[in-house]
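Asker:
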Amino acid sequence: SQQGEEDPQALSIQEGENATMNCSYKTSINNLQWYRQNSGRGLVHLILIRSNEREKHSGRLRVTLDTSKKSSSLLITASRAADTASYFCATDATGNQFYFGTGTSLTVIP
Amino acid sequence: NAGVTQTPKFRVLKTGQSMTLLCAQDMNHEYMYWYRQDPGMGLRLIHYSVGEGTTAKGEVPDGYNVSRLKKQNFLLGLESAAPSQTSVYFCASSYLGANYGYTFGSGTRLTVV
Chain X
1 SQQGEEDPQA LSIQEGENAT MNCSYKTSIN NLQWYRQNSG RGLVHLILIR
51 SNEREKHSGR LRVTLDTSKK SSSLLITASR AADTASYFCA TDATGNQFYF
101 GTGTSLTVIP
Chain V
111 NAGVTQTPKF RVLKTGQSMT LLCAQDMNHE YMYWYRQDPG MGLRLIHYSV
161 GEGTTAKGEV PDGYNVSRLK KQNFLLGLES AAPSQTSVYF CASSYLGANY
211 GYTFGSGTRL TVV
């Protein structure tokens, strides 16, 4: 399976701290994306990083990609209670579809 | 803009019944997808479409059929529902596939008893 796997499965931090979650995948990819899912809601696209990119930023989000290790990380800086959600990485190999991991559940304690 | 709209939001079916889930997008996206989300399994792709009149199988297509007669709509059908199809179903659309982010609907929670 090309499915990405997030690590850790669950993460609990204090508000203001940084949160880091990782994604590992098995096959070569074209792109990797990160999504957020609030409880009971659909997924929201956060950031896309292409295979020829090593790092991207969007606001308080920083994503890195290491294709040699087949891994990516998502860093959320200065976390807020509103960041409490599940975070998923999604990888593609074919160009038509993404495969999603099982997610990291982040809890930010006020 | 409504984005991606899924109907219904909740449904309870008896084993053997049939139903159709509707996904509608108003962003003129070419690509549309149906996923199911189960605890501990992440999202798994059921079927997808790369344009009006086209469909293709994903990871877990058995027991489902789809149709894309109009560009803005993507229908997911269950011909004979089984308890194993109890899940949350998400529709997503994308401008031109995996080089662009997906826009997801809010989901349909289906229970088969």
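Going line by line, the protein sequences match chains X and V.
If you use my numbering, the first sequence corresponds to residues 1 to 110, in order.
If you use my numbering, the second sequence corresponds to residues 111 to 223, in order.
A virtual CB, placed ideally from N, CA and C, is assigned to each residue, including glycine.
1) With 16 as the cutoff for other CB atoms within 10 Å, does A81 of chain X come out buried or exposed?
2) Would you report the Cα separation of L155 of chain V and L75 of chain X, rounded to the nearest angstrom?
3) Checking 8 angstroms against the spacing of the C-beta atoms, do V222 of chain V and A191 of chain V come in under that value?
4) Along the chain, where does the beta strand (DSSP E) containing L48 of chain X start, and where does it finish?
5) Are the C-beta of R41 of chain X and some C-beta of chain V separated by less than 8 angstroms?
6) Mind checking which residues open and close the beta strand (DSSP E) that includes I112 of chain X?
7) Can you look up N138 of chain V in the DSSP assignment and give me helix, strand or coil?
8) Could you tell me the alpha carbon to alpha carbon distance between Q127 of chain V and E189 of chain V, rounded to whole angstroms?
9) Would you kindly work out how many angstroms separate the C-alpha atoms of V184 of chain V and V122 of chain V, rounded to a whole number?
10) Using alpha carbons as the reference points, say which of X:I109, X:V108, X:L106, X:G101 lies closest to D148 of chain V.
11) List the endpoints of the continuous beta strand (DSSP E) containing V108 of chain X.
12) Measuring CB to CB, does F88 of chain X end up less than 8 angstroms from Y25 of chain X?
13) In chain order, what residues of the same chain have a beta carbon less than 6 angstroms from the beta carbon of Y205 of chain V, not counting five sequence neighbours either side?
14) Is G42 of chain X closer than 8 angstroms to S159 of chain V when the C-beta atoms are compared?
15) Which word fits R50 of chain X, buried or exposed, when buried means at least 16 other C-beta atoms lie within 10 angstroms of its C-beta?
16) Closer than 8 angstroms by C-beta to R54 of chain X: which residues in its own chain qualify, once you throw out the five before and the five after it? Chain order, please.
17) Just verifying my parser: in three-state terms, what is the DSSP assignment at N31 of chain X?
18) Quick one: what's got a C-beta closer than 7 angstroms to R60 of chain X's C-beta in the same chain, skipping five residues either side?
19) For D66 of chain X, name the three-state secondary structure that DSSP assigns.
20) If we define contact as Cβ-Cβ less than 8 angstroms, is L153 of chain V a contact residue for chain X?
21) Assuming Q116 of chain V contacts T218 of chain V (C-beta within less than 8 angstroms), just tell me the rounded distance between them.
22) When you compare each of X:V108, X:T107, X:R62 to Q33 of chain X by their alpha carbons, which one comes out closest?
23) G40 of chain X to V198 of chain V, Cα distance in whole Å?
Answerer: The relevant details are as follows:
1) Reading the first sequence from its first residue, position 81 is the one you call residue 81 of chain X. Answer is exposed; the Cβ neighbour count stays below 16.
2) Translated into positions along the second sequence, residue 155 of chain V becomes position 45. Translated into positions along the first sequence, residue 75 of chain X becomes position 75. Cα to Cα, the separation comes out at about 27 angstroms.
3) As a first step, residue 222 of chain V is located in the second sequence; it is residue number 112 there, counting from the start. As a first step, residue 191 of chain V is located in the second sequence; it is residue number 81 there, counting from the start. Going by C-beta atoms, V222 of chain V is nearer than 8 angstroms to A191 of chain V.
4) By 1-based counting over the first sequence, the position of residue 48 of chain X is 48. Per DSSP, L48 of chain X belongs to the beta strand (DSSP E) from 43-50.
5) For this step, residue 41 of chain X is matched to residue 41 along the first sequence. Yes, R41 of chain X lies at the interface with chain V (some Cβ there is under 8 angstroms from its Cβ).
6) Because chain X is modelled from 1 through 110, residue 112 of chain X falls outside the range shown and cannot be assessed.
7) Numbered from its first residue, the second sequence carries residue 138 of chain V at position 28. Three-state DSSP puts N138 of chain V in coil, outside helix and strand.
8) As a first step, residue 127 of chain V must be located in the second sequence, where it is residue number 17. As a first step, residue 189 of chain V must be located in the second sequence, where it is residue number 79. Whole-angstrom Cα-Cα distance: 7 angstroms.
9) The residue given as residue 184 of chain V occupies position 74 in the second sequence. The residue given as residue 122 of chain V occupies position 12 in the second sequence. What sits at residue 184 of chain V in the sequence shown is Phe, not Val. Going by the C-alpha atoms only, they are around 21 angstroms apart.
10) Translated into the one-based positions of the second sequence, residue 148 of chain V becomes position 38. D148 of chain V has its Cα closest to that of X:G101, out of X:I109, X:V108, X:L106, X:G101.
11) The residue labelled residue 108 of chain X in the question sits at position 108 within the first sequence. Looking at the DSSP string, the run of the beta strand (DSSP E) that includes V108 of chain X is 104-109.
12) Working through the first sequence from its first residue, we reach residue 88 of chain X at position 88. Working through the first sequence from its first residue, we reach residue 25 of chain X at position 25. No, these two residues do not count as a Cβ contact at 8 angstroms.
13) Taking the second sequence and counting its residues from 1, one reaches residue 205 of chain V at position 95. The residues are H139.
14) Here residue 159 of chain V refers to the residue found at position 49 when the second sequence is read from its first residue. Here residue 42 of chain X refers to the residue found at position 42 when the first sequence is read from its first residue. No, Cβ-Cβ distance for S159 of chain V and G42 of chain X is not below 8 angstroms.
15) Within the first sequence, residue 50 of chain X is the residue found at index 50, counting from 1. Its Cβ having fewer than 16 others within 10 Å, R50 of chain X is exposed.
16) Looking up residue 54 of chain X in the first sequence gives position 54. Excluding sequence neighbours, R54 of chain X sits near T64, L65, D66.
17) Walking along the first sequence from the start, residue 31 of chain X turns up at place 31. Strand at N31 of chain X.
18) Within the first sequence, the letter at position 60 stands for residue 60 of chain X. I76, T77, A78.
19) Along the first sequence, read from residue 1 onward, the residue named residue 66 of chain X stands at position 66. Strand at D66 of chain X.
20) Within the second sequence, residue 153 of chain V is the residue found at index 43, counting from 1. It does; some Cβ of chain X falls within 8 angstroms.
21) Mapped onto the second sequence, residue 116 of chain V falls at position 6. Mapped onto the second sequence, residue 218 of chain V falls at position 108. Right, the Cβ-Cβ distance comes to about 5 angstroms (below 8 angstroms), so this counts as a contact.
22) Taking the first residue of the first sequence as 1, we reach residue 33 of chain X at position 33. Ranking the options by Cα distance to Q33 of chain X, first place goes to X:R62.
23) One-based indexing of the first sequence puts residue 40 of chain X at position 40. One-based indexing of the second sequence puts residue 198 of chain V at position 88. Each residue's alpha carbon lies about 10 angstroms from the other.
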